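One structure is given below, encoded as structure tokens.
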Amino acid sequence: MLTGTELEALEGDPGNFSARVRTQPRFVDLDKCTSCGECEKVCPVVLPDEFDEGLGTRKAAYKKYAQAIPGVFAIQKTDRAPCRLSCPAGLNVQGYVQMVKEGKYERALEIIMDDLPLPGVLGRICPHECEDACRRCDVDEPVSICRLKRLAADQFDPRQVKIDCMEERPEKVAIVGSGPAGLSAAYHLARQGIKSTIYEALPKAGGMLRVGIPNHRLPEAILDQEIEVITNLGVEIKTSTPLGPDLTVDDLLKDYKAVYLAVGAHKGYDLAVEGDDADGVRQGVDFLREVNLTGKTQVGKKVLIIGGGNVAIDVSRAAVRLGAQSVQIVYRRTRTEMPAWEEEIEAAEAEDVQIEYLAAPQEILVEGGKVKGMRCIRMELGEPDSSGRRRPVPVPGSEFDLEADQVVAAIGQQPDFSAFEGDKEVEYTRRGTLEADGVTYATPREGVFAGGDAHTGPWNAIGAVAAGREAAVSISRFIDGKDMADGRVPITKDDPIYRPVPTDMPKAARASMPELEPASRRATFDEVELGFEPEAGQAEADRCLNCSYCSDCMECVTVCAPGAIDHSMVEVEREIRVGAVVLSAGIEPFDPSGMEDTYHHRSNPNVMTSLEFERILSASGPTEGHLSRPSDHQVPKKIAWLQCVGSRDTNRCGNGYCSSVCCMYAVKDAMMAKEHADGELDCAIFNMDMRTFGKEYEKYLTRGEDQSGVRFVKARVHTIDEVRDTGDLRLRYFTEDGKVVDEQFDMVVLSVGLRVSDEAVALAERLGVELNENRFVKHDSLTPLSTSRPGVFACGAFNGPKDIPDSVAESSAAACIAGAGLAPARSTLTRTLELPAEIDVADDEPRVGVFVCNCGLNIGGIADVPAIVDYAKELDGVVYAEENMFSCSQDTQEKITQTIKEQKLNRVVVAACTPRTHEPLFQFTLQNAGLNPHLFEMANIRNQCTWVHSENKDLATSKSKDLVRMGVARARELESIQPISVNVDKAALVIGGGVAGMFAALGLADQGFPTTLVEKSSQLGGRALDVKRTHDGRDVQSFLTSLIERVGGHKNLTVMTDAEVLGASGYVGNFETEVKNGKGPQTISHGAVVVATGGAPTDTEEYLYGQHPAVTRWHDLEQDPQKLAKADTVTFIQCVGSRNDPRPYCSRICCSTTVAMAIDIKQNKPDTNVFVLYRDIRTFGEREALYKQARELGVIFIRYALDRKPEVVAAGDGLIVKVFDPILGAPVEIETDLLNLATAIEPNRAEDIASFYKLPLTEDRFFMEAHAKLRPVDFASDGLFMAGLAHYPKAMDESIAQAMAAASRAVTVLSKDQIQISPYVSEVDPDKCIGCGLCEEVCAFGAIHLEEVDGIKRAKNIQASCKGCGLCAASCPQEAIDMLHFRFHQIEAAVRAVV
Amino acid sequence: MSKQDLAGSVMVVGGGIAGMQSALDLAESGYYVYLVEKSTAIGGVMSKLDKTFPTNDCTM
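From first to last, the protein sequence lines are chains D and F. Residue 1619 is where the first sequence ends in the working numbering, and the numbering goes up by one at each step. Residue 52 is where the second sequence ends in the working numbering, and the numbering goes up by one at each step.
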């Protein structure tokens, strides 16, 4: 089983293909995961649960559904989220945002600090490009990512975060500059075990963080605190220690293994206008440095600041705080182009800073050497420049003056390299920055690295921090002598895959930051932004869309006890050699969102699709089966079903076909809803036709109507209006007689049709398999499983809309045809298991070993497992007991095997979960230790104790002890049971020589099994001999001729015509059937039987059939083409003898047959009047196209009701048909030349066959399958199969598929030399048996019968047929029958242990 | 095609009810089966159904 896998390409030829498959990483080891679910509990990422059709939620660590196979969890993860990709440091944004959402601030900091130090600093001043990339912008506003980082640092002191460092190494590194780049490099080197010393020219550490950003944005204490994080790792910072002639890079290289130059860009650009050297003109960076280092600086009364970046804003806001009367920023472009952050600009404005846009300085106006103002010129925006922003162009003659006593230039910075003047070997770029490699940050000089603004020119703190980290990686590799560049080129994806932004995601406002009132900001450098309250921050974090699904928070890894989670898994591609391919890509429900204006499915929660409603009804669904409507959780009183949504509608949805299943599921859902409803519930199904054409379906419809009171309304609803503020829905529809009705409902269920998914279409394209106009696999009704590509077969709903039984049958058929081509290679690739020899323990005293599972916390977190182990040790027969974290994990399995051998255990009890899923695994463990697998017993202390009594730990523990006690008591009584197998006679018998019988016989013969085909008439062909064409126009007779030829000439086939089955005996693999033909009786031995005894249209006494020559039935109409050509009017009556007593079933194919004949008549002679009188037109599946075509050709369809059936009277050579037309609301009379009746199809009489093989029949005398849904061609008894009309009326393509299915099922028996049978069978004690025969009466499998032994009757069981149900044992008055493994004394021991 | 050239294995694409049935039949008939499923678990659309008509059996 390859999950998470897609077939990418298929090359080669039938019999020998090479299939390329691609498997997506599951991130969970299939062998290690024990399905305990701890990962799911801690996973912070909540997503809509597709399994619940989005009505419930699941986590990114999830199991598709509770009973999923494989039962292993998976982690959903796509490409890295855009926030992370846009972060220069590649910070796992989604991860820490999710941790903040959960209130796990320490863990959030751990995630952040894995990539960078300074979380509280960056949480304040990072330019947060991640927020521009945030896909939440598609819904409303970006997540406030930056501020959530600050919240984490506000809530948990970063100094307390445990930072793992490697063992300290002797090599030391010198770092020049203690800005973000230098600090980051020191931090990451320290984590690598490399200590560094930072040389800082200024008296305080922090670089631009310290001197470039005022305290109102970044309080000094925060910076101090976070620098402490770094110095706590052993990093030394030498302040006021600039480089220069006395301390050169050369000097540093003598003491240090490497040097990292990160001196920043602290030198402002001059204005370069006349007067810029006047007293009162300053550099912004100088201004800020002085303020930040000393708390004060010279500030004018009227301050003008030139520039549009954050420095300009910082200066302006600092000037306000230092007492300037007016502060004005002059910027040459508009606000849109302004590089300063919007929130900073807004804050400055709130603090009364004025901004003069589209103005540039021309001259500083000077008086007495001092600034008195500035002459500006007005600008306008011209063509975009290299930065993409529109270039400002001066407007001639627009000069104007601004008054000022201080002018601050904030038009950019550059690095200041005066400290390196003595260093000849430091190299610079043409842009005046340090020369260094873009990936490794190594300078041309060995051992010297550079980074931050000094390398890039002025950028931002996060970029510098990222550069510092990368330099640390390089330096570490440099010290180790490794290649510095290896594997470091970033991998970018052009078309990343993210979680789609949900179309119905409700808008949620971005959290606003609490701030100091503007009035209280003057004269203080107190921080303006006060930080989020935790609740507000968590709600903000919850706005994250989780673009990557999994947030890589690694919480799952920390809780996974078996160590099954591996986030490093990658996609795997491989080639697989196969002989054939079966496509069963299935369908998806039609999505009604494209018809929102009609159905309001997205906007009104009380309009649901049928699959959504199905989940509501399910006990494991989002409401746990409680029927309530989503808008207000009230119990609905009225529900409407609208049929054919996405089906039978070429105009709006483009799907012309009938989806075949919706009528039945609507009846089911309506009946179920009524059962679930607490009170009265009105269920109305609005339909055009009710199409319940399958076996036992018509009775189901009748039950829905008569017993459950479901209403069926013949109308297509044309308008649904939402009733304001109530959530109710008003439906407007026309009744058949044209009346308009408005009716209000609490809920509306859309019976959505089936549609082939886009993925399946893409798959077909990749494989070169043609699809038809409805996107289903293109095929022919006479070769229903073959695709356009030889060796590739299709089945199920991908091959045309169909229900489950038809899909299952078709799938077995696909297996048959796929296998037929590969028969010579059968069993060449299958594997057989080698097991050690079994130890005989029959005469040994029981030595019971008890293994109590903790199931992670599932059991251990509730029950006292050590106490249960101690208790078990004291029990009679127990020689060993232990607890396991996960008894089912692979390593524990191996341990148990060892323990069994060491302790010489001969009985094993595992107290854990359910035997339903885990018993086979433990039995296999026993076998590996040389024990018989039946010496094993399970106590389900998880499901039955710790899950149901999770609130009461004592009770859970004591009940667990009870179950263990019972298990041990029973285990002591267990005995070895040897497998039962029977030899298989590898030959088959097929009864019935129609199309079904012939296909079944060929299916078997093609796979190499000698087959006898028995036909009671003299000719093969059966009912198909009457049929000219299939519904898709294929010529049946020529097909039949070649089919009969193939059957006759097949080397593995023996055909017996005029043959009668006289009797049969035996069981699976070993039947003997007596057949008589012209040569007399003979006995045929065979291992399997296919019954295909066929069916036929019935005669009728209705509508003058048999009394008037113009009345025919079925294909008789076509027997005389001349008569048909002469007729002016031809009338058909449907459901003659079907859907009514005594044949309450629908004959399934009459509608399609009639419609096809009507089309023929119209096409041959268009002016013929053709009438079809019907009850419901059931041209199911793609046959709906016939119905559409017939209407387009002018065939008149008139519905009649059962209580108003048509009347037919003779009128000379012709007839008059009277019928009530519900649309006209009046009776009409049709003068018709010919009348053709669609009479019911009945099975051929086969009671004798049924009695020979003990085969059950339905009330309608069709053969009864083992399971209506899942075993549609099997009989309940093994080795017996059915096909064709004997099962139910069906079309030729369906008969062919079913016949091949029966062959496939029979091959599963015949391909084995021996059949293993469950050894849990009955055992008769002939001494106790009195031969009463009760057992034979109750056995449904013919597995026990009375045999005469020495003149007395005694029960004898047939092990091969026994299913181990125990009915015989329970009904035996003598207790003469015992069930192996469930012997009376074994059950009694367990019961006595507990009572 | 000789026996050596024939692969005794079949790939079934899609792990819903149809694919599971094909895979089981083929495996039981002596062919090695690769059941390829796009999602994390087999079961397909049917596993989402609460009950199945016409018997109203539980789907699981």
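The beta-carbon is built from N, C-alpha and C at its ideal position, and this holds for glycine as well. The model shown is predicted, which means the values in this text are computed figures rather than measured ones.
Point to revise | 7 Å Cβ cutoff met for F/Ser1 and D/Gly803 | key: With a cutoff of 7 Å on beta-carbon distance, F/Ser1 and D/Gly803 are scored as near each other.
Practice item. Would you mind stating whether D/Thr258 and D/Phe1148 have Cβ atoms separated by less than 7 Å? Key: Cβ distance not < 7 Å, so D/Thr258 and D/Phe1148 don't count as in contact.
Check your understanding: At what residues does the beta strand (DSSP E) containing D/Glu649 begin and finish?
Key -> Premise fails: D/Glu649 is in no beta strand (DSSP E) and is neither H nor E.
Check your understanding: Cβ of D/Glu706 less than 7 Å from any chain F Cβ?
Key -> First, the amino acid is wrong: residue 706 of chain D is Lys here, not Glu. For D/Lys706, no CB of chain F lies under 7 Å from its own CB, so it is not counted at the interface with that chain.
Review point. Counting contacts by CB-CB distance shorter than 7 Å, is D/Pro200 in contact with chain F?
Key: Outside the modelled stretch of chain D, which goes from 225 to 1619, sits residue 200 of chain D, for which no answer is possible.
Exercise for review: Flag this pair as yes or no: are the beta carbons of D/Leu512 and D/Gly436 separated by less than 7 Å?
Suggested key: Yes, the Cβ-Cβ distance between D/Leu512 and D/Gly436 is below 7 Å.
Practice item. Helix, strand or coil for D/Phe624, going by three-state DSSP, please let me know. Key: Strand at D/Phe624.
Point to revise | For D/Met895, the first and last residue of its enclosing alpha helix (DSSP H) | key: Annotation: the continuous alpha helix (DSSP H) that includes D/Met895 extends over 886 to 900.
Exercise for review: Taking only the alpha-carbon atoms, compute the straight-line gap between D/Val252 and D/Val781 and give it to the nearest angstrom.
Suggested key: Within the model, the alpha-carbon separation for D/Val252 versus D/Val781 is close to 10 Å.
Practice item. Starting from D/Val245, find everything on chain F with Cβ-Cβ shorter than 7 Å and list it in chain order. Key: Val28, listed in chain order.
Review point. Given 8 Å as the limit, is there contact between the stretch 563 to 580 of chain D and the stretch 534 to 543 of chain D, that is, 3 or more CB pairs closer than that?
Key: Three or more beta-carbon pairs drawn from the stretch 563 to 580 of chain D and the stretch 534 to 543 of chain D are found closer than 8 Å, and the two stretches are therefore classed as touching.
Point to revise | Terminal residues of the alpha helix (DSSP H) in which D/Ala763 lies | key: Per DSSP, D/Ala763 is one residue of the alpha helix (DSSP H) stretching across 758 to 765.
Check your understanding: Is there at least one Cβ from chain F nearer than 7 Å to D/Arg1363's Cβ?
Key -> By this cut-off, D/Arg1363 is not an interface position.
Check your understanding: Between D/Glu922 and D/Gly1218, what straight-line distance do the alpha-carbon atoms span, to the nearest angstrom?
Key -> One C-alpha to the other measures close to 26 Å.
Review point. Bridge partners of D/Ala666, per DSSP?
Key: Bridge partners of D/Ala666: D/Phe673.
**Study point:** chain F contacts from the stretch 791 to 816 of chain D (Cβ-Cβ distance under 8 Å)
**Key:** So the list reads Ile800, Arg801, Val802, Gly803, Ala804, Val805, Val806, Leu807, Ser808, Ala809, Gly810, Ile811, Glu812, Pro813, given in the order they occur along the chain.
Practice item. List the DSSP bridge partners of D/Thr1297. Key: D/Thr1297 is bridged to D/Ala1288, D/Ile1308.
Exercise for review: Return the bridge partner residues of D/Val1336 from the DSSP annotation.
Suggested key: With the sequence shown as reference, residue 1336 of chain D is identified as Thr, and Val is not the correct amino acid for it. Note: D/Thr1336 sits in a beta bridge opposite D/Asn1460.
Review point. So is D/Asn456 in contact with chain F if we call contact Cβ pairs under 7 Å?
Key: False, the Cβ-Cβ gap to chain F never drops below 7 Å.
Review point. What residues in its chain sit with their C-beta under 6 Å from that of D/Glu1161, if we drop five residues either side in the sequence?
Key: The residues Val1133, Gly1191, Arg1194, Ala1195, in chain order, have a CB closer than 6 Å to that of D/Glu1161 in the same chain once the five nearest residues on each side in sequence are set aside.
Review point. Should D/Arg1189 be labelled buried (16 or more other beta-carbon atoms within 10 Å of its own) or exposed?
Key: The C-beta of D/Arg1189 has 16 or more other C-beta atoms within 10 Å across all chains shown, which makes the residue buried.
Check your understanding: Can a CB atom of chain F be found closer than 7 Å to the CB of D/Thr465?
Key -> Not closer than 7 Å to any Cβ of chain F, the Cβ of D/Thr465 fails to qualify, so no.
Review point. Using 8 Å as the Cβ pair cut-off and three pairs as the minimum, do the stretch 763 to 770 of chain D and the stretch 596 to 604 of chain D touch?
Key: Per the Cβ contact rule, the stretch 763 to 770 of chain D is not in contact with the stretch 596 to 604 of chain D (fewer than 3 Cβ pairs under 8 Å).
Practice item. Determine the contact status of D/Leu1228 and D/Ala1527, defining contact as a CB-CB distance below 7 Å. Key: With respect to the 7 Å criterion, D/Leu1228 and D/Ala1527 are classified as neighbours on the basis of their beta carbons.
Check your understanding: With distances taken from CA atoms, which of D/Val941, D/Ser242, D/Arg246, D/Thr950 is nearest D/Val965?
Key -> Per the Cα distances, D/Val941.
Review point. So D/Leu1213 is in the alpha helix (DSSP H); what residue range does that whole segment cover?
Key: Taken as a continuous stretch (DSSP letters only), D/Leu1213 belongs to no alpha helix (DSSP H), being part of the beta strand (DSSP E) at 1212 to 1215.
Check your understanding: Taking the DSSP output, what are the residues bridged to D/Ile437?
Key -> Note: D/Ile437 sits in no beta bridge, so no partner.
**Study point:** Expected contact under 8 Å - CB spacing of D/Ile1373 and D/Leu1006 to nearest Å
**Key:** The Cβ separation is near 15 Å, so there is no contact.
Check your understanding: So which residues on chain F does D/Arg250 lean against when the C-beta distance must stay under 9 Å?
Key -> Thr32, listed in chain order.
**Study point:** Option in D/Glu1326, D/Pro1543, D/Pro1157 with minimal Cα separation from D/Asn1364
**Key:** Its Cα nearest to that of D/Asn1364, the residue D/Glu1326 stands out among D/Glu1326, D/Pro1543, D/Pro1157.
Check your understanding: What is the rounded straight-line gap between the Cα of D/Ser1501 and the Cα of D/Val1292?
Key -> One C-alpha to the other measures close to 8 Å.
Check your understanding: Looking at C-alpha atoms only, which residue of D/Ile461, D/Val1432, D/Ser1174, D/Asp1400 is the closest neighbour of D/Lys938?
Key -> The candidate whose alpha carbon is nearest that of D/Lys938 is D/Asp1400.
Exercise for review: Quick one: which residues of the stretch 257 to 286 of chain D get their C-beta closer than 7 Å to a C-beta of chain F? List them in chain order.
Suggested key: Of all residues in the stretch 257 to 286 of chain D, only Phe275 come within less than 7 Å of chain F when Cβ atoms are compared, listed by chain position.
Practice item. Return the bridge partner residues of F/Tyr26 from the DSSP annotation. Key: F/Tyr26 pairs with F/Met3.
Exercise for review: Report the residue ranges of all alpha helix (DSSP H) runs contained in full by the stretch 937 to 1021 of chain D; include only those spanning at least 4 residues, in chain order.
Suggested key: Uninterrupted alpha helix (DSSP H) stretches at least 4 residues long and entirely within the stretch 937 to 1021 of chain D occur at 982 to 991, given in chain order.
Practice item. Within the stretch 1108 to 1192 of chain D, note down every full beta strand (DSSP E) run reaching 3 residues or more, in order along the chain. Key: Qualifying beta strand (DSSP E) stretches, in chain order: 1131 to 1135, 1160 to 1163.
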